[in-house]
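Read through the structure below, which is laid out as structure tokens, and then see the notes.
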Amino acid sequence: MRIFVIATRIWIALALLVNAYVHFLLATPFDAIVGSLVSQGALFRIQGVVNILAALLILAVYRWWTGLVAAVIAAGGLALLVVSVYVPLDLSAIGFPVIYEPVWYPDKVIAVVAQGFALIGGLAVALITRNATTPRGRL
16 MRIFVIATRI WIALALLVNA YVHFLLATPF DAIVGSLVSQ GALFRIQGVV NILAALLILA
76 VYRWWTGLVA AVIAAGGLAL LVVSVYVPLD LSAIGFPVIY EPVWYPDKVI AVVAQGFALI
136 GGLAVALITR NATTPRGRL
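The sequence shown runs 16 to 154 under the working numbering.
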């Protein structure tokens, strides 16, 4: 089981790094979409940095909650990406730009797949590691 968890952690880190790369790649063109506080390009860069930090965390800290952190980050990015294809998200009240891009293109599909892999892997690591470290009869 330990080999599976280690391999899954590497898989999660790679998926998060692919997602970070795509976000950094797309950040500059999205700098033109601005809110009163930040641009969409800046949000992409923040997403990229968060993904890199989560990738480092999942590789460096062998605890169940690191899988959960990776899963939550991936789920949030995945949900925002998919919803923004179908529904305009007007976040201008909090200084963010309106996020709406009703098209699918290769980089977006790569980001969705990477986030999906990170989400599934993160949940698997959290559940397997949590069950392995929790004494029977205790939550």
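Idealized CB from N, CA, C, for every residue including glycine. Quick caveat: nothing in here was measured; it's all calculated off a predicted structure.
Gly110 and Ile48 have their C-alpha atoms some 12 Å from each other. Put simply, the segment 109-129 touches the segment 36-56. At least three CB pairs are less than 8 Å apart. Distance from the CA atom of Ala139 to the CA atom of Gly82, rounded to whole angstroms, is 8 Å. DSSP places Trp26 in the uninterrupted alpha helix (DSSP H) bounded by Arg17 to Ala42. Straight-line spacing of the CA atoms in Val100 and Gly91 works out to 15 Å. Here Leu104 is bridged, per DSSP, to Ile114.
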